[in-house]
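Trainee: Residue 122, in UniProt numbering, is where the sequence shown stops; the numbers in between run on with no holes.
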Amino acid sequence: MTIYTGRGDEGQTDLRDMSRVSKTNARIEAYGTVDEANALIGTVRPTGHADLDETLEAIQNHLHVVQADFANPDPDEGDPRIREEHVERLEEWIDEADEELEPLRSFVLPGGGDAGAALHHA
1 MTIYTGRGDE
11 GQTDLRDMSR
21 VSKTNARIEA
31 YGTVDEANAL
41 IGTVRPTGHA
51 DLDETLEAIQ
61 NHLHVVQADF
71 ANPDPDEGDP
81 RIREEHVERL
91 EEWIDEADEE
101 LEPLRSFVLP
111 GGGDAGAALH
121 HA
């Protein structure tokens with residue numbers, strides 16, 4: 001696999017099955033958004049906290065599966081797909097983090113430093 005096709009794109013891109021779609025297609029927009037979130041998470045690693053770094057890396061790997069799923073309009077049985085266990089694990093991480101936080105009494109303003117702002121953006 002190469003990072004470019006060498007044939008120009010004319011506003012089109014390939015999905016995994018080599019079908020051509022517009023770069024404004026909802027599927028392309030979706031995996032571009034997931035890619036941005038993944039990149040933002042990558043900007044805060046390493047945090048200096050091994051358990052948090054491990055969780056963030058696992059989330060990034062889950063996001064790669066999301067992207068692969070979006071890029072594949074006709075997946076085969078063994079292809080990467082978002083499954084129930086991915087969602088359940090993400091919910092577990094959220095619950096674990098929530099246990100360490102004070103109860104929310106208002107909206108959260110992004111910030112607290114570069115890492116906090118990047119994670120809020122992601």
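Heads up, the beta-carbon is just placed ideally off N, CA and C, and yes, glycines get one too. Predicted model only: the values in this text are computed from it and were never measured.
On a CA-only basis, which of 56, 76 and 107 is nearest residue 115? Give me that one, please.
Mentor: Indexing the sequence shown from 1 puts residue 115 at position 115. For residue 115, the nearest C-alpha among the options comes from 56.
Trainee: What residue range is occupied by the uninterrupted alpha helix (DSSP H) comprising residue 65?
Mentor: On the sequence shown, position 65 is the one that residue 65 refers to. Per DSSP, residue 65 belongs to the alpha helix (DSSP H) from 50-71.
Trainee: Give the C-beta separation of residue 39 and residue 70 to the nearest angstrom, bearing in mind that I take them to be a contact with Cβ-Cβ under 8 Å.
Mentor: If you number the sequence shown from 1, residue 39 lands on position 39. If you number the sequence shown from 1, residue 70 lands on position 70. Contact doesn't hold; Cβ gap of about 16 Å is too wide.
Trainee: Work out the CA separation of residue 23 and residue 17 for me, nearest whole Å.
Mentor: Locating residue 17 in the sequence shown gives position 17, counting from the first residue. Locating residue 23 in the sequence shown gives position 23, counting from the first residue. Between residue 17 and residue 23, the C-alpha separation is close to 16 Å.
Trainee: Helix, strand or coil, according to DSSP, for residue 14 in the structure here?
Mentor: Here residue 14 refers to the residue found at position 14 when the sequence shown is read from its first residue. Three-state DSSP puts residue 14 in a strand.
Trainee: What's the call for residue 122, buried or exposed, on a 16-neighbour Cβ count within 10 Å?
Mentor: Numbered from 1 along the sequence shown, position 122 holds the residue referred to as residue 122. So residue 122 counts as buried.
Trainee: Distance check for residue 67 and residue 27, CA to CA, integer angstroms please.
Mentor: For this step, residue 27 is matched to residue 27 along the sequence shown. For this step, residue 67 is matched to residue 67 along the sequence shown. Looking at the two C-alpha atoms, the distance is approximately 9 Å.
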